[in-house]
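Participant:
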Amino acid sequence: MDVQGLQQMTQNTPAPGVYKRNPPIAGEAEAIEAAKNGDAEAFSRLYALHKRRVYTLCLRMLGNVSEAEDMTQEAFLHLFRKIGSFRGESAFSTWLHRLTVNLVLMHLRKKGLNLVSLEETINPSEDDAPKRDFGSRDLQLTGSVDRVALERAVASLPPGYRMVFVLHDVEGFEHNEIATMLECSTGNSKSQLHKARLKLRELLRQPEQSAQPASLKEVAV
Amino acid sequence: MTDTSFPDFDTMTPADFEKYLPDFFANGDGHVSTDPRLQTFLKNNPDCAALVRDLEAIADQARSLFEPSDPGDAVWSGIQNKLKHQLPDDDDLAVPQTV
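As given, the protein sequences belong to chains R and U, one line each in that order. Here the first sequence is numbered in numbering that gives the first Met the number 0, starting from 0 and rising by one per residue. Here the second sequence is numbered in numbering that gives the first Met the number 0, starting from 0 and rising by one per residue.
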């Protein structure tokens, strides 16, 4: 996806669930208008207001503190350059959220996900795929999941699985929106989400050590 | 939910159920366990019911994942530095100093 595509996507109608979670913030509108006119302090204010949301989104999508901080920086630099194109058709936080999602996707494609079609790349290798296993009722999760364990398991998912899981189950995007963002079919998005959940179930049923990759110390927030 | 492509719920096998489970989740409200058409099947197939409970628990807990946290101070410093040195077209824009 090129920069023009990114700009177009940031102007799309936001996901209803995301919009509901992003009500206007007091003083934000004034800061936006001032920042459009080059007011440095207003931009500082916008950073202070939105840094947590942007960083947390990056961390969810990337599963890595260092990369998440780099992408947070990129998102605000992009915001600084493009804030003049924000027309207020959606909540600013929704617009920034979408901008950030698309920057992260571009980043991942640059890292290698763009080498072949996304339909293939978001399918992980055989080793990473969830086992086809209904059974073993004695190992079931008893209907409750520890949040920290789940965070760790999500961070250890293959990137394609993690992306769809985070966008759908954590961020609340619909399958058709995810399909647009990831340039794949809606059916592929549904399938990847299901495989991601199956993989998470498998990881959560394993002893903690084997489910935790070496890089996870960095992600334990 | 559109039933046209789904198998007969009364004669469905666990393999059928596995095949259609992504659509069961996607087309309903995300809670397959409460779908009235699947109650008999799930009652007769406890392993499938356990799978559904687990996947629903994972999806439900996902919404509370990753408590918001702040980026390190170096992020803001990096933004300031890059604005100073990498935006030659935006010379008229002042570089923000504080957060």
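Note that the Cβ used here is the ideal one computed from N, Cα and C, for glycine as well.
For my contact list, R:Val169 and U:Leu54 are in at a C-beta cut-off of 8 Å; report their separation, rounded to the angstrom.
Facilitator: Actually they are not in contact, since the Cβ atoms of R:Val169 and U:Leu54 sit about 15 Å apart, beyond 8 Å.
Participant: Can you give me the C-alpha to C-alpha distance between R:Leu199 and U:Gly77, rounded to a whole angstrom?
Facilitator: Between R:Leu199 and U:Gly77, the C-alpha separation is close to 35 Å.
Participant: According to the neighbour-count rule (16 or more other Cβ atoms, all chains shown, within 10 Å of its Cβ), is R:Asn187 buried or exposed?
Facilitator: Buried, since its Cβ has 16 or more Cβ neighbours within 10 Å.
Participant: Given this structure, state the Cα-to-Cα distance separating R:Gly111 from R:Pro157, to the nearest angstrom.
Facilitator: Near 13 Å, if we compare the C-alpha coordinates of R:Pro157 and R:Gly111.
Participant: To the nearest angstrom, report how far apart U:Tyr19 and U:Ala25 are at their CA atoms.
Facilitator: The straight-line gap from Cα to Cα measures roughly 10 Å.
Participant: Among the candidates R:Val53, R:Ala195, R:Gly83, R:Leu95, whose CA atom is the shortest distance from the CA of R:His167?
Facilitator: The shortest C-alpha separation from R:His167 is found at R:Ala195.
Participant: Rounding to the nearest angstrom, what Cα-Cα distance links R:Phe79 and R:Met162 in this structure?
Facilitator: Spanning the two alpha carbons is a distance of roughly 26 Å.
Participant: Please report how far the alpha carbon of R:Leu104 lies from the alpha carbon of R:Arg52, in whole angstroms.
Facilitator: Answer to the nearest angstrom: the Cα atoms are 17 Å apart.
Participant: Can you give me the Cβ contacts of R:His49 inside the same chain, cut-off strictly under 7 Å, excluding the 5 residues immediately before and after it?
Facilitator: So the list reads Ser92, Leu95, once near-sequence residues are dropped.
Participant: Within 8 Å (strictly less), CB to CB, does R:Glu68 reach chain B?
Facilitator: Protein chains R and U are contained in the structure displayed, whereas chain B is not.
Participant: What are the residues in the region 7–35 of chain U lying within 8 Å of chain R by C-beta distance?
Facilitator: The region 7–35 of chain U vs chain R, Cβ under 8 Å: Pro13, Glu17, Leu20, Pro21, Asp22, Phe24, Ala25.
Participant: Could you list which residues in chain R have their beta carbon closer than 9 Å to that of U:Ser68, in chain order?
Facilitator: The answer, in chain order, is Arg51, Tyr54, Thr55, Leu58, Val220.
Participant: Going by DSSP in three states, R:Thr120 sits in which element: helix, strand or coil?
Facilitator: Any reading at R:Thr120 must be qualified, since the residue scores a pLDDT of 44, below 50, and its modelled position is unreliable; the value itself is stated next. R:Thr120 falls in the helix class under three-state DSSP.
Participant: For U:Met11, report the span of its alpha helix (DSSP H) as first-last.
Facilitator: Taken as a continuous stretch (DSSP letters only), U:Met11 belongs to no alpha helix (DSSP H), as it is neither H nor E.
Participant: Just by C-beta distance, which residues in the region 189–201 of chain R are closer than 8 Å to chain U?
Facilitator: Per Cβ criterion, the list reads Lys189, Ser190, Leu192, His193, Arg196, Leu197, Leu199, Arg200.
Participant: In the structure shown, what three-state DSSP assignment does R:Ala90 receive?
Facilitator: Three-state DSSP puts R:Ala90 in coil, outside helix and strand.
Participant: What do you reckon, are the CB atoms on R:Ala152 and R:Gly62 nearer than 8 Å?
Facilitator: Cβ atoms of R:Ala152 and R:Gly62: not closer than 8 Å.
Participant: With distance defined between alpha-carbon atoms, name the residue in U:Leu82, U:Ala14, U:Lys81 nearest to U:Cys47.
Facilitator: That would be U:Ala14, whose Cα lies nearest to the Cα of U:Cys47.
Participant: With a threshold of 8 Å between beta-carbons, can U:Gln60 be considered close to chain R, or not?
Facilitator: Closer than 8 Å to some Cβ of chain R, the Cβ of U:Gln60 qualifies, so yes.
Participant: Starting from U:Pro46, follow the alpha helix (DSSP H) in both directions and report where the run begins and ends.
Facilitator: Note on residue identity: the sequence assigns Asp, not Pro, to residue 46 of chain U. That run of the alpha helix (DSSP H) goes 45–61.
Participant: To the nearest angstrom, report how far apart U:Ile57 and R:Gln191 are at their CA atoms.
Facilitator: If I take the Cα positions, the gap works out to 15 Å.
Participant: What are the boundary residues of the alpha helix (DSSP H) that R:Ala177 is part of?
Facilitator: Checking the sequence, you will find Ile at residue 177 of chain R rather than Ala. Here the alpha helix (DSSP H) through R:Ile177 covers 174–181.
Participant: I'd like the list of long-range same chain contacts for R:Val144, defined as Cβ closer than 7 Å, with 5 residues on each side in sequence excluded.
Facilitator: Closer than 7 Å at the Cβ level, and outside the excluded window around R:Val144, lie Leu203.
Participant: Does the beta carbon of U:Lys81 sit closer than 8 Å to a beta carbon anywhere in chain R?
Facilitator: Closer than 8 Å: yes.
Participant: Helix, strand or coil for R:Phe85? Go by DSSP, reduced to three states.
Facilitator: R:Phe85 falls in the coil class under three-state DSSP.
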